[in-house]
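Residue numbers (the numbering used here), protein chains in the order written: chain A, 1 to 115; chain B, 1001 to 1116.
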Amino acid sequence: AQSVTQPDIHITVSEGASLELRCNYSYGATPYLFWYVQSPGQGLQLLLKYFSGDTLVQGIKGFEAEFKRSQSSFNLRKPSVHWSDAAEYFCAVGVAGAGSYQLTFGKGTKLSVIP
Amino acid sequence: GAVVSQHPSWVICKSGTSVKIECRSLDFQATTMFWYRQFPKQSLMLMATSNEGSKATYEQGVEKDKFLINHASLTLSTLTVTSAHPEDSSFYICSADREGMGAEAFFGQGTRLTVV
Chain A
1 AQSVTQPDIH ITVSEGASLE LRCNYSYGAT PYLFWYVQSP GQGLQLLLKY
51 FSGDTLVQGI KGFEAEFKRS QSSFNLRKPS VHWSDAAEYF CAVGVAGAGS
101 YQLTFGKGTK LSVIP
Chain B
1001 GAVVSQHPSW VICKSGTSVK IECRSLDFQA TTMFWYRQFP KQSLMLMATS
1051 NEGSKATYEQ GVEKDKFLIN HASLTLSTLT VTSAHPEDSS FYICSADREG
1101 MGAEAFFGQG TRLTVV
């Protein structure tokens, strides 16, 4: 079965600093990989996704992620964090099923931004 | 972008009563919808996969008689928490797959259920 590990439970960065959130996955084949962001009491918003092709994926809000097969990683990065980026971030792996696919989420990383 | 709407956003109910949560895809048809449960400061745990016109597929450990799922149309799936107890208090989130969108799931805004 697939699994996702987000090693950092909580990260605090200063506004304007760079950010990297770590994500490692376990899956036997090439997975679909996703990063979602969740604000308190809200649903999830997709930041970016990787299916195939270029391993560096650009997303919304200035985020990017790089798929590294050799490290089974899909780390999320942003060069300059804004205060509005404070939220919970979830990495997920999608596995195709019959007619659809299922998402397995990591435990999430809470991002706090210091003004 | 595609929109998935959940209703209600939050609900408080008495122990022993039943609560129905709706998940609607507003601008697309969803053959498959998913129901997740999220405990405070935890990740989303898949409860069940809801397929239009057929029985839902429940994950191991999820009581199908307690969490009734109905997917009667291509735009609506419902989750009914029957005989709710305080331990059922949680944040419930649905998602829907939109065909042709590269296997992207669209999430509802979630429903906060509190059982008192």
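Virtual Cβ for every residue (Gly too), placed ideally from N, Cα, C.
Which residues of chain B have a Cβ atom closer than 9 Å to the Cβ of A:F90, listed in chain order? The sequence position of residue 90 of chain A within the first sequence is 90, counting from 1. Taking the beta carbon of A:F90 as reference, the chain B residues within 9 Å of it are S1043, L1044, listed in sequence order.
Could you have a look at B:E1087 and say whether DSSP puts it in helix, strand or coil? Locating residue 1087 of chain B in the second sequence gives position 87, counting from the first residue. Helix at B:E1087.
Using 7 Å as the limit for Cβ to Cβ distance, is B:I1069 near chain A? By one-based count along the second sequence, residue 1069 of chain B stands at place 69. Any Cβ of chain A closer than 7 Å to the Cβ of B:I1069 would place that residue at the interface, and such an atom is absent.
Take A:V57 and list the residues in its own chain whose beta-carbon comes closer than 8 Å to its own, dropping the five residues that flank it on each side. Within the first sequence, residue 57 of chain A is the residue found at index 57, counting from 1. Hits under 8 Å: L48, K49, Y50, E64, A65, E66, F67.
Taking 7 Å as the threshold (beta carbon to beta carbon), is A:L48 in contact with chain B? By one-based count along the first sequence, residue 48 of chain A stands at place 48. At a cut-off of 7 Å between beta carbons, A:L48 makes no contact with chain B.
Based on the DSSP secondary-structure assignment, which residues constitute the bridge partners of A:L56? Taking the first sequence and counting its residues from 1, one reaches residue 56 of chain A at position 56. Note: A:L56 sits in a beta bridge opposite A:E66.
Per the contact definition of three or more C-beta pairs closer than 8 Å, is the segment 1013-1022 of chain B in contact with the segment 1077-1097 of chain B? The answer is yes - the segment 1013-1022 of chain B touches the segment 1077-1097 of chain B, with three or more Cβ pairs under 8 Å.
Is A:F34 buried or exposed, if buried means 16 or more other CB atoms sit within 10 Å of its CB? Residue mapping note: residue 34 of chain A aligns to position 34 of the first sequence, counting from 1. With 16 or more other Cβ atoms within 10 Å, it is buried.
Using the beta-carbon of each residue, which ones in chain B are nearer than 7 Å to A:Q42? Residue numbering aside, residue 42 of chain A sits at position 42 when the first sequence is read from its first letter. By Cβ distance, chain B contributes Q1109, G1110.
Is the Cβ-Cβ distance between A:F122 and B:S1043 less than 7 Å? Since the first residue shown for chain A is 1 and the last is 115, residue 122 of chain A is missing from the structure and cannot be characterised.
Touching or not, the segment 84-94 of chain A and the segment 1001-1019 of chain B, by the rule of three or more beta carbon pairs under 8 Å? The segment 84-94 of chain A makes no contact with the segment 1001-1019 of chain B: fewer than 3 CB pairs, one atom from each, lie closer than 8 Å.
Quick check on the DSSP output: the beta strand (DSSP E) that includes B:A1105 runs from which residue to which? Here residue 1105 of chain B corresponds to residue number 105 of the second sequence, with the count starting at 1. Its beta strand (DSSP E) spans residues 1105-1107.
So within the segment 1039-1085 of chain B, which uninterrupted alpha helix (DSSP H) runs reach at least 4 residues, ignoring any that extend past its ends? None, since the segment 1039-1085 of chain B contains no complete alpha helix (DSSP H) of that length.
Following the continuous beta strand (DSSP E) through A:L47, name the residue where it begins and the one where it ends. As a first step, residue 47 of chain A is located in the first sequence; it is residue number 47 there, counting from the start. From DSSP, the beta strand (DSSP E) with A:L47 extends over 44-50.
With a cut-off of 7 Å, does the C-beta of A:G108 fall near any C-beta of chain B? Here residue 108 of chain A refers to the residue found at position 108 when the first sequence is read from its first residue. Yes, because at least one Cβ of chain B sits closer than 7 Å to the Cβ of A:G108.
So A:N24 and A:T5 are supposed to be a Cβ contact under 8 Å. How far apart are they, rounded? The residue labelled residue 24 of chain A in the question sits at position 24 within the first sequence. The residue labelled residue 5 of chain A in the question sits at position 5 within the first sequence. With 8 Å as the limit, A:N24 and A:T5 qualify as a contact, their Cβ atoms being about 5 Å apart.
Can you find a CB in chain B that lies within less than 7 Å of the CB of A:F67? Translated into the one-based positions of the first sequence, residue 67 of chain A becomes position 67. It does not; no Cβ of chain B falls within 7 Å.
Who are the near neighbours of B:Q1038 in its chain, counting only those whose CB is closer than 8 Å to its CB and skipping five residues on each side? Residue mapping note: residue 1038 of chain B aligns to position 38 of the second sequence, counting from 1. Setting aside the 5 residues that flank it on each side, B:Q1038 is surrounded in the same chain by L1044, M1045, S1090, F1091, Y1092, I1093, G1110, each with a C-beta closer than 8 Å to its C-beta; the list follows chain order.
Among A:S70, A:S112, A:G43, whose alpha-carbon lies nearest the alpha-carbon of B:P1008? Numbered from 1 along the second sequence, position 8 holds the residue referred to as residue 1008 of chain B. If we check each option's Cα against that of B:P1008, A:G43 comes out closest.
What does the alpha-carbon distance come out to for the pair A:Q71 and A:A96? Within the first sequence, numbered from 1, the residue matching residue 71 of chain A stands at position 71. Within the first sequence, numbered from 1, the residue matching residue 96 of chain A stands at position 96. Spanning the two alpha carbons is a distance of roughly 22 Å.
For A:S80, collect the residues of the same chain with a Cβ closer than 6 Å to its Cβ; drop the 5 residues on either side in sequence, then sort them by chain order. Here residue 80 of chain A corresponds to residue number 80 of the first sequence, with the count starting at 1. Excluding sequence neighbours, A:S80 sits near G16.
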